[in-house]
Amino acid sequence: MMERSLSLWRTAGIVWWLGYREHALAPWSLVRTLLESLVVAVLLLFLGQLVDVGEGAARVYGSYLSWSLIGFALLQLCNAGTRELPRLYREARESAWLDALRMTGVDLRRLLVVLPVFAWSIAAARALLLLFFGWWASGFSGAWGPTVVAALFLVIGALLFWAMGWIAGAFAVGGHHPEEVSRGVLLVHVLLGGIFFPRDLLPLGLQTLGGWLPIAPVIDGMRGALMGGASLAELHEPLARALLLLVVLVALGEGLMRRSLLRAARRGLLGRMWR
Amino acid sequence: MSDLSLHMHEVTVEQVIVDAAAQRPVVVEPLRGVSLVVRPGEIVGVLGTSGSGKSTLLRCAAGLIIPRSGSVRFAGRDPGHDPLVRRTIGFVLRDKTSFRPTLTGYENLLALARLHGASLPDAQRRIEALDAELDLRFALARPVERLGVVLRHRLALARALLGSPKLLVLDEPSSGLDPDHRDGFYSFLARWVQQEGGGVLLSTHEMTEAQYLCSRVLLLDEGKAIAEGAYLKVEPIAEPLFRRSAALGVT
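Here the protein sequences come in this chain order: A and S.
Note that the first sequence covers residues 312 to 586 in the working numbering.
Note that the second sequence covers residues 6 to 256 in the working numbering.
Dropping the structure here:
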């Protein structure tokens, strides 16, 4: 056996394989996941007849379907970070599986980073599928430049949502049940983040609040690039907002996670000890 | 074995203090300044009634709990802060939730062997060797959720042995086993200590188990060590404790 810790990538590969094997034994869960995405996409097709996005901030955007699919694709990643990550951490903390993993000598922080890797890969696959559907609906600019800019915003978005999950996960590791709060945070994103309707339809106060939600600058950037064909220079405002939020959330998440891990290890809160 | 290597694989727990924690479903019993040494080739038993802190002590020794004060050393390093040291400790976790229940025993062991750092062929070879030693055929082929107590017990033991440990930590290892399998397990443990020269730290609330298996016994009560030594020395102090617990309806 090796005398040094496994690399992050190798650990992630092994944990991903475990998740894949578990899901391969339940293929219906994958089919259900894809069907859910398809149902929502079809619903958006109909909603497109009712919701007018041809005014205000969204006037440059073409079809509602492509417009809302960008938001829906990002919502998949937001859900994986905000809701799935703390749920996985709480489950791992309350089971003896985390103990079994820790006894292999893998660093605990590294384990926590890679534990949701399969859930993330499913969310990423769903997001890419939805974006492809949006491209097929021919609302996107096909040029390479805007596509690269959109991909940059997508990566920043994934990191932002991971940081949100890291914050919620810190509470889960510390012995709390943050899922209820996470669900609320996700709902706020759905209602105020401009996913299914433009934010400028909201009252002014809510517009400001919605603009500072982590999903907002990412959505603005991706829509601007994919549907408006905007360059990175034109999208400097949402980019700056996204990067600022990223720095703040990563720093906050890291601080909280460090504190929670130390506290949990001291109090034996990682792993299962039923009375 | 030389004195140096004896020292290398000795686990020392010195004056550890762990605070109680009860954030359901996690419950940690406190420890109040407990010390313990397990030398290679020794089976040391931690005896005590339910809630005396046995599991907490074992988890401290394995590095899964970091004590508030005191120290834990294995091969001169702290398993609580050094994950690589934990790799050389085999903790027999028997809880159902310590496995991925829908995956087979083989898939569980393969993933954990690879997390230990083994390459795929090495991991496969290691599992084959453990299969030959512990007769894991059925346990490897079936999903863990469908395994009975005995097969799951063997699988847990195999998992603890994946990294060729120098110390085995077992929390109430024989509970739920019928007498035949219990005897087989005791024989395996004695053989392992003799062949591998490793140390064993186990917790039990069965006095016969402590008497049969352990070269030394540490008696815990409410997080404090109240006696230590050969079983015959500890027995007179342990017996009234267990009688009192039985009268209160606690094992």
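Even glycine gets a Cβ: it sits at the ideal position worked out from N, Cα and C.
Inset, instruction - Could you tell me whether the segment 41–54 of chain S touches the segment 542–552 of chain A, where touching means 3 or more Cβ pairs closer than 8 Å? - result: no
Legend entry - Cβ neighbour criterion (16 or more within 10 Å) applied to residue 317/A: buried
Legend entry - Contact test: residue 73/S Cβ vs the ligand SAH heavy atom, cutoff 8 Å: Ligands are entirely absent from the displayed structure, and the ligand SAH is therefore not among its contents.
Legend entry - Extent of the continuous beta strand (DSSP E) run through residue 173/S: 172–176
Inset, instruction - Quick one: using the 10 Å Cβ neighbour count with 16 as the cut-off for buried, is residue 15/S buried or exposed? - result: buried
Inset, instruction - Only counting runs of 4 or more residues, tell me where the alpha helix (DSSP H) segments fall wholly within the segment 138–213 of chain S, in order along the chain. - result: 142–146, 154–166, 184–201
Legend entry - residue 71/S versus residue 157/S: straight-line alpha-carbon distance, rounded: 28 Å
Legend entry - Residue-level contact to chain A via CB, residue 96/S, 9 Å cutoff: yes
Legend entry - Residues of its chain near residue 214/S, where Cβ-Cβ distance is below 7 Å and the 5 sequence neighbours each way are ignored: 179
Inset, instruction - Below 8 Å on the Cβ atoms is my guess for residue 474/A versus residue 564/A; work out the distance and round it to an integer in Å. - result: 5 Å
Inset, instruction - Measure the C-alpha to C-alpha separation of residue 332/A and residue 398/A and round it to an integer number of angstroms. - result: 20 Å
Legend entry - Proximal residues to residue 163/S (C-beta, below 7 Å), its chain only, five neighbours per side dropped: 114, 135, 139, 141
Inset, instruction - Alpha carbon to alpha carbon, how far is residue 161/S from residue 152/S? Give it in angstroms, no decimals. - result: 12 Å
Inset, instruction - Just the chain A side, please: which residues come within less than 7 Å of residue 71/S by C-beta, in chain order? - result: 576, 577
Inset, instruction - Compare the C-alpha of residue 536/A against each of 464/A, 346/A, 353/A and name the closest. - result: 464/A
Legend entry - Local conformation of residue 368/A per DSSP, three classes: Below a pLDDT of 50, predicted positions are generally treated as unreliable, and residue 368/A, at 44, falls in that range; the measurement from the model is reported next regardless. Helix.
Inset, instruction - Using DSSP bridges, identify the partner residues of residue 75/S. - result: According to DSSP, residue 75/S bridges with nothing at all.
Inset, instruction - Flag residue 553/A as yes if its beta-carbon sits less than 9 Å from any beta-carbon of chain S, otherwise no. - result: no
Inset, instruction - Could you tell me whether the Cβ of residue 92/S comes closer than 9 Å to any Cβ of chain A? - result: yes
Inset, instruction - Would you decide whether residue 438/A is buried or exposed? Buried here means 16 or more other CB atoms lie within 10 Å of its CB. - result: buried
Inset, instruction - Tell me residue 37/S's beta-bridge partners as DSSP assigns them. - result: 22/S
Inset, instruction - Note down, in chain order, each residue of its chain lying with its Cβ closer than 8 Å to the Cβ of residue 322/A, except the 5 sequence neighbours on either side. - result: 417, 421, 422, 425
Inset, instruction - Work out the CA separation of residue 559/A and residue 471/A for me, nearest whole Å. - result: 10 Å
Inset, instruction - Quick one: using the 10 Å Cβ neighbour count with 16 as the cut-off for buried, is residue 171/S buried or exposed? - result: buried
Inset, instruction - Classify residue 247/S as helix, strand or coil using the three-state DSSP reduction. - result: helix
Inset, instruction - Would you identify the three-state DSSP class for residue 94/S, choosing helix, strand or coil? - result: strand
Inset, instruction - Using 10 angstroms around the beta-carbon of residue 367/A, count the other beta-carbons present and answer buried if the total reaches 16, otherwise exposed. - result: Summary for residue 367/A: the model assigns pLDDT 45, below 50, so the residue's position carries little reliability; its value from the coordinates is reported in the next sentence. Under this definition residue 367/A is an exposed residue.
Inset, instruction - Could you tell me whether any Cβ in chain S is nearer than 9 Å to the Cβ of residue 471/A? - result: no
Inset, instruction - Could you tell me whether the segment 115–129 of chain S touches the segment 181–199 of chain S, where touching means 3 or more Cβ pairs closer than 8 Å? - result: no
Inset, instruction - With DSSP as the reference, label residue 373/A as helix, strand or coil. - result: A caution first: residue 373/A carries a pLDDT of 48, below 50, which makes its placement in the model unreliable, though a value can still be read off. Residue state, collapsed to three classes: coil.
Inset, instruction - Give the straight-line distance between the Cα atoms of residue 534/A and residue 396/A, rounded to the nearest whole angstrom. - result: 26 Å
Legend entry - Environment of residue 338/A [buried if 16+ CB atoms lie within 10 Å]: exposed
Inset, instruction - Compile a chain-ordered list of the residues in the segment 502–527 of chain A whose CB is closer than 7 Å to at least one CB of chain S. - result: none
Legend entry - 9 Å Cβ cutoff, residue 371/A in contact with chain S: Only weak support exists for where residue 371/A lies, its pLDDT of 41 falling under 50; the coordinates are left without a value.
Inset, instruction - State yes or no: is the C-beta of residue 571/A within less than 9 Å of the C-beta of residue 484/A? - result: yes
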